[in-house]
Every structure is written in structure tokens, then in C-alpha cells.
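Student: Sequence lines, in order, name chains A and B. Residues in the first sequence are numbered consecutively from 326, following our numbering. Residues in the second sequence are numbered consecutively from 120, following our numbering. Positions of the beta carbon are idealized from the N, C-alpha and C atoms, including for glycine. Take this structure, written in C-alpha cells, and hold onto it; I'll ask about it next.
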Amino acid sequence: MKREEIIAKIISFMSEEFEVDPSTIQPDANLMQTLDLDSLDLVDLVVIIEKNFGFKVEAKDFVNIKTFNDFYDYVCTKLEKPAE
Amino acid sequence: MRRVVVTGIGIHSCIGYSVDEVRDSLFNGRSGIVFEQARKDMGFRSGLTGKVDMPDLKGKISRRERIGMAEEGFYAYAATEQAFNQAKIDLDFLEKNEVGILYGNDSSAKAVVESSEIMREKKDTMLLGSGAIFQGMNSTVTMNLATIFKLRGINFTISGACASGSHAIGIGYFMIQHGFQEIVLCGGAQEVNPESMASFDGLSAFSTREDEPHKASRPFDIHRDGLVPSGGAASLILESYESAMKRGAPILAEVIGYGFSSNGSHISVPNVDGPLRSLKMAVEQSGLKITDIDYVNAHATATPAGDMNEAKAIDMAFGDYKPYISSTKSMTGHECWMAGASEAVYSIIMMQNGFVAPNINLIEPGEEAKMLNITAETIQTKVDTVLSNSFGFGGTNSTIILKKFVK
């Protein structure tokens with residue numbers, strides 16, 4: 326899957342799951358603030374990533390993810406990496 | 120002790136999604152029972168069920184508020200919104216005043232089954248999502264409604280099997296009567312999904328009159344062959360008379376008696392003594408003479424032993440006096456955890472509109488029914504005082520008496 330396709334998919338399922346306008350999801354926007362996520366929502370974020378991409382995000386992976394761009398990089402890296 | 124009145128009612132059931140729709144269904148004897156092939160495909164003995172649609176709450180309440188709600192919570196929200204609106208209570212009032220919630224519910228099976236399936240497939244608890252815990256607990260309705268409506272008074276769920284909704288009204292009545300609360304949201308909710316009804320179906324308790332769904336629920340009729348599962352939610356706003364008058368709220372009825380008892384015998388086979396004691400306690404508490412009761416909304420689910428023993432209890436309590444009796448379950452099916460609350464709502468609707476709803480499908484009365492004045496037709500008459508019975512597994516019994524409000 327190309328990076329553009331991955332980004333389009335993320336914007337689609339995130340805007341639907343967290344009920345935000347897709348146009349608010351910009352590469353440099355803060356992911357937590359834009360999606361208005363609390364600690365419970367992070368659990369649901371893990372669930373939808375697993376549903377859409379088939380891998381589970383670990384809590385420690387979130388430490389370095391601030392913006393959507395960070396998140397896109399993270400997902401692309403995970404998808405390129407062979408399963409451990 | 121203080122007087123307790125009802126200032127709002129709301130209903131989401133298989134015979135209507137508003138008080139007006141339900142009034143018309145009750146008056147016209149309209150059944151809400153359907154046949155669902157999906158149940159047969161799952162291995163059900165009976166494909167019959169009350170048909171209840173999920174209200175669409177997207178855009179009405181937030182994702183965070185919805186995500187912890189199971190099916191019965193959606194029904195309860197819809198019924199509660201109607202009840203608060205009628206009682207002229209808005210979110211601003213709820214944030215500034217102490218309002219409690221006592222709601223009957225005794226399962227959240229689908230949420231638990233779905234979580235179990237995910238666990239078995241994924242072997243990872245985090246993949247259950249954040250809503251699973253709040254959906255799967257028995258107190259799912261009270262925890263969600265208390266959060267959404269900003270309730271700050273008493274807050275817990277009452278699980279008393281098929282008498283849950285009735286006990287919730289009774290306990291709410293006591294809390295207000297004794298001065299502990301001014302306003303309590305009471306009610307009952309019942310999930311309708313197959314997962315919640317499978318084990319009950321497994322007892323061969325359900326009617327299999329699948330070719331005639333509207334005729335399947337036949338309380339007191341000799342040709343009954345079991346109950347029909349159903350559900351939804353019903354809400355009542357119970358309030359002290361003083362508070363209602365001070366707010367200028369509409370007063371729909373007064374709660375004047377709550378009787379309760381336990382059979383102390385078989386887990387599923389009812390007896391006569393338990394219901395009789397509950398019934399007598401409610402009447403005694405109300406201060407009424409037995410002849411003051413205009414109408415009895417029977418628990419009667421259309422099982423031979425249940426109908427028979429309730430009929431005997433009613434006959435022993437009322438003696439020669441024969442008030443009108445009907446089981447609205449002939450139209451709704453058995454609304455289980457919700458039934459005590461919904462039948463209080465149905466009774467208030469009859470009281471307000473001057474009619475007794477029919478016990479439809481009563482063509483050939485069973486022996487026990489011949490002792491009573493059960494009406495198979497709609498009767499237009501004054502209904503000033505109602506006695507409503509609810510009984511459940513484990514021998515739990517509850518009786519509520521409602522009276523038309525007189526200042």
C-alpha cells in the first residue's frame with residue numbers, strides 16, 4: 326500500500342470513529358487534541374488500527390507520536406516491517 | 120410520610136416509541152410480536168419476539184456517551200428523554216438539583232457474548248475496546264444514564280428478574296416517601312437480541328405459534344403455549360408532591376402502594392402465597408379498600424402455572440369483587456426486566472385516557488381465568504386506581520398501586 330493510500334485510509338476511519346470533520350486531520354495537527362482523545366479513547370484507537378491494518382500498537386509506541394504525520398510515519402514503518 | 124407523584128413517563132417498546140403511539144396500540148389491541156428467521160438459524164426453538172428498533176442517537180449524544188451503552192441503554196435513553204421532557208426537567212435543572220436514578224435491569228448478555236468472542240479470537244484484552252466494560256455490567260443502564268443526564272442523587276440498578284422494573288419504582292417511591300430524595304428517575308430496560316434470550320428459549324418456555332405471531336401471546340387462554348420474549352425500556356419520573364407543585368410540573372398519577380415478597384420455594388415455578396402477600400401488602404399500604412381498585416394489570420405471561428397461580432392470588436385477595444383485569448403482555452410479549460416499569464406506564468396511559476386495554480387473544484378462558492373479570496375487549500371506563508403485578512425467577516414479587524392524582 327502506498328503512503329498516500331495509507332494516509333487516506335487513516336483519515337477515513339479516524340474521522341468516522343471519532344466523529345471529526347476529515348478536513349481537521351492535517352499532517353502537522355496534534356493527533357490527541359484534534360481527535361479530542363482521552364485515556365479511554367486511546368484503547369479504541371488501538372482497536373481500530375488493529376482492525377484496519379492488522380497490527381497492534383503498543384502503549385510505548387505512542388510516546389513519540391504527536392502529530393498525524395508522526396502517526397503516518399509510524400504506520401508506514403510498521404507495515405513495511407515484516408511481522409516479528 | 121410524603122406523597123409521591125409521577126410527573127413524566129416515557130416508553131420505547133414493540134407497540135410504540137412514544138406515549139401517543141403506545142396509547143393507540145393499547146386502545147386498538149395491536150400486537151408488536153413478529154417472527155424472526157435469524158433466531159431459528161441460530162438454533163432457537165421459537166423465532167417469535169417483540170420487534171423493537173434501536174433509536175439513532177448519533178448527533179444527539181456524543182460518541183463517548185454512546186460507546187459504553189449496550190442495546191438496552193439506547194432504549195432507556197429514548198424513554199428517559201421523553202419522561203424528562205414531559206416532567207419539564209432539562210439538563211440545567213439536573214445540574215443544579217439532586218435527581219436520582221433507580222432502574223431495573225438484569226442482563227447485558229449481547230455485550231458480554233461479543234466480548235467473549237473477541238477474546239477467543241484475538242487473545243488480547245485491549246482489543247475489546249473501551250466500551251466493553253460499561254456495556255457488559257448489569258448496571259450499564261444506570262451508569263450511562265447517570266453520566267449523560269448529570270444525575271447526582273441515588274444511583275444504582277435493581278436486578279429482580281422480571282420484577283426489576285416494578286421494584287425500581289417501589290424503591291424509588293420509598294426513597295421519596297421517606298424524604299431521602301425529591302426526584303428519582305425510575306424504570307426498566309430489557310435487551311431484545313437473541314443472545315439475551317437463548318437460554319430462556321432453551322427451557323421451552325416460549326410460544327411456537329410461529330405462523331400467527333400476533334396471536335402467539337395468549338395469557339389466560341386455554342390454547343396458550345408459552346410466552347413471547349420482548350423488550351425495550353420505560354421511564355417514570357417519581358417526585359415528591361411538594362417538589363412537583365413548586366416546579367409547576369404536570370402530575371400524571373400518584374404512587375400509593377408498593378408490596379413485595381419472596382416465594383422461598385422453587386427457582387422457576389411460581390406459587391400462590393408469595394404473590395398474594397405482595398398484593399395484600401400493597402393494598403394495605405395504600406390505605407384503600409380492595410373495592411377501590413378499578414383495574415389490575417396482571418403479570419400473566421401466558422405460562423399455565425404462572426397464569427393459574429396469579430389468578431388464584433388475585434381471586435383470594437379480591438374475593439367477590441371483580442375489577443377489570445388484563446395482561447398487556449398479550450400485545451407486548453414479556454418485556455422481562457422492563458415489564459414492571461412499562462406496565463406502570465401502560466396503566467398510567469389507560470388512566471389518563473379512560474380505558475382498559477384488552478387482553479387480546481383470550482378466546483377460550485382457562486379454568487383459572489373464569490374466576491376473574493378478564494377483558495378481551497377494550498373497555499372505555501374511568502380508571503382511577505390500578506394495581507400492577509410483577510413476578511420473577513427466584514420467586515421475587517412486586518406489586519405497585521397507582522392512583523389518579525387528586526390535589
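Below 8 Å CB to CB, which residues in the same chain sit around Pro484 (chain B) once its five sequence neighbours on both sides are set aside?
Tutor: Cβ neighbours of Pro484 (chain B) beyond the five flanking positions: Phe339, Asp340, Ile341, Ile493.
Student: Using a Cβ cut-off of 7 Å, pull out every chain A residue sitting near Arg182 (chain B), in sequence order please.
Tutor: Neighbours of Arg182 (chain B) on chain A, chain order: Phe343, Glu344.
Student: Within the continuous alpha helix (DSSP H) that includes His286 (chain B), where are the two ends?
Tutor: That run of the alpha helix (DSSP H) goes 283 to 296.
Student: Let me know if Met316 (chain B) comes out buried or exposed under the rule of 16 or more other beta-carbons within 10 Å of its beta-carbon.
Tutor: Classification for Met316 (chain B): buried.
Student: Excluding the five sequence neighbours on either side, which residues of its own chain have a C-beta within less than 7 Å of the C-beta of Ile186 (chain B), listed in chain order?
Tutor: Closer than 7 Å at Cβ, skipping near neighbours: Ser249, Gly250.
Student: Which of helix, strand or coil does DSSP assign to Phe146 (chain B)?
Tutor: Note: Phe146 (chain B) maps to helix in three-state DSSP.
Student: For Ile467 (chain B), does the three-state DSSP call read helix, strand or coil?
Tutor: In this structure, Ile467 (chain B) counts as helix in the three-state DSSP scheme.
Student: Could you round the C-beta distance between Val124 (chain B) and Glu358 (chain B) to whole angstroms and report it? I think they count as a contact, below 8 Å.
Tutor: At roughly 6 Å, the Cβ-Cβ gap stays under 8 Å, so Val124 (chain B) and Glu358 (chain B) are in contact.
Student: Out of A:Val400, A:Thr359, A:Ser364, which has the shortest C-alpha to C-alpha gap to Ser379 (chain A)?
Tutor: A quick correction: the sequence has Gly, not Ser, at residue 379 (chain A). The candidate whose alpha carbon is nearest that of Gly379 (chain A) is A:Val400.
Student: Taking C-beta pairs closer than 8 Å, name the residues in chain B that Val388 (chain A) reaches, listed in chain order.
Tutor: Ordered by position in chain B, no residue passes the 8 Å Cβ test against Val388 (chain A), which lies about 17 Å from the chain.
Student: Does any CB atom of chain A fall closer than 7 Å to the CB of Gly393 (chain B)?
Tutor: No, no contact with chain A.
Student: Using a Cβ cut-off of 7 Å, pull out every chain B residue sitting near Val368 (chain A), in sequence order please.
Tutor: Ordered by position in chain B, the residues that pass the 7 Å Cβ test against Val368 (chain A) are Met245, Gly248, Ser249.
Student: For Val372 (chain A), go through chain B and note every residue whose CB falls closer than 7 Å to its CB, in chain order.
Tutor: Within chain B, the residues near Val372 (chain A) are Leu246, Gly248.
Student: Buried or exposed for Phe299 (chain B), going by 16 or more other Cβ atoms inside 10 Å?
Tutor: That one is exposed.
Student: Taking the CB atoms as reference points, tell me whether Ala401 (chain B) and Gly438 (chain B) lie closer together than 7 Å.
Tutor: Result no, Cβ atoms of Ala401 (chain B) and Gly438 (chain B) do not sit closer than 7 Å.
Student: Nearest to Ser150 (chain B) by CA position, among B:His453, B:Asn472, B:Val464, B:Gln471, is which residue?
Tutor: Ser150 (chain B) has its Cα closest to that of B:His453, out of B:His453, B:Asn472, B:Val464, B:Gln471.
Student: For the structure I just gave you, are there three or more beta carbon pairs, one from the segment 513 to 523 of chain B and one from the segment 466 to 483 of chain B, closer than 8 Å?
Tutor: Yes, they touch.
Student: Taking the alpha carbon of Ile208 (chain B) as the reference point, which residue from B:Tyr414, B:Gly367, B:Thr410 has its own alpha carbon closest?
Tutor: Nearest of B:Tyr414, B:Gly367, B:Thr410 to Ile208 (chain B), Cα basis: B:Gly367.
Student: Would a check of beta-carbon distances place Glu375 (chain A) closer than 7 Å to chain B?
Tutor: By this cut-off, Glu375 (chain A) is an interface position.
Student: Count Cβ pairs between the segment 417 to 424 of chain B and the segment 440 to 454 of chain B that sit closer than 8 Å; are there 3 or more?
Tutor: Counting Cβ pairs under 8 Å, three or more are found: they touch.
Student: Near Thr543 (chain B), what residues of its chain come up, given a Cβ to Cβ distance below 8 Å and the 5 sequence neighbours on each side ignored?
Tutor: There is no way to answer for residue 543 (chain B), as the model of chain B reaches only from 120 to 526.
Student: Ordered along the chain, which non-local residues of its own chain (more than five positions away) have a Cβ less than 8 Å from that of Arg164 (chain B)?
Tutor: Asp320, Gly321, Ser323, Phe325, Thr327, listed in sequence order.
Student: Anything in chain B within Cβ reach of Lys381 (chain A), meaning under 8 Å, just list it in chain order.
Tutor: Residues of chain B passing the Cβ test: Asp243, Met245, Leu246.
Student: Could you tell me if Tyr440 (chain B) is buried or exposed, where buried requires 16 or more neighbouring beta carbons within 10 angstroms of its beta carbon?
Tutor: Answer is exposed; the Cβ neighbour count stays below 16.
Student: Less than 7 Å between CB atoms is the rule here; does Pro362 (chain A) satisfy it with respect to chain B?
Tutor: Before going further, note that residue 362 (chain A) is Leu rather than Pro in the sequence given. Not an interface residue.
Student: Measuring alpha carbon to alpha carbon, tell me which of A:Pro347, A:Met326, A:Glu341 ends up nearest Val182 (chain B).
Tutor: Here residue 182 (chain B) is Arg; the residue named in the question, Val, does not match the sequence. The candidate whose alpha carbon is nearest that of Arg182 (chain B) is A:Glu341.
Student: Which residues does DSSP pair with Cys305 (chain B) in a beta bridge?
Tutor: Paired residue(s): B:Leu221, B:Leu355.
Student: For Phe193 (chain B), which three-state DSSP category applies?
Tutor: Correct three-state label for Phe193 (chain B): helix.
Student: Does the beta carbon of Leu356 (chain A) sit closer than 7 Å to a beta carbon anywhere in chain B?
Tutor: Chain B, which has no Cβ nearer than 7 Å to the Cβ of Leu356 (chain A), makes this no.
Student: Would you check if the distance between the CB atom of Gly223 (chain B) and the CB atom of Ser144 (chain B) is smaller than 7 Å?
Tutor: Taking 7 Å as the Cβ cut-off, Gly223 (chain B) and Ser144 (chain B) do not qualify as a contacting pair.
Student: Hey, could you find the ends of the beta strand (DSSP E) Val374 (chain B) is sitting in?
Tutor: Residues 372 to 381.
Student: Hey, which unbroken runs of the beta strand (DSSP E) at 3 residues or more fall wholly within the segment 487 to 517 of chain B?
Tutor: The qualifying runs are 504 to 511.
Student: What's the C-alpha gap between Asp395 (chain A) and Glu184 (chain B)?
Tutor: Rounded to the nearest angstrom, the two C-alpha atoms are 29 Å apart.
Student: In whole angstroms, give me the CA-to-CA distance for Asp361 (chain A) and Asp398 (chain A).
Tutor: Cα to Cα, the separation comes out at about 21 Å.
Student: Just to make sure I have the definition right: I need the residues of chain B whose C-beta is within less than 7 Å of the C-beta of Leu365 (chain A). Which are they?
Tutor: Result: Ser249.
Student: Tell me whether Glu310 (chain B) is buried or exposed, calling it buried when 16 or more other Cβ atoms sit within 10 Å of its Cβ.
Tutor: Buried, since its Cβ has 16 or more Cβ neighbours within 10 Å.
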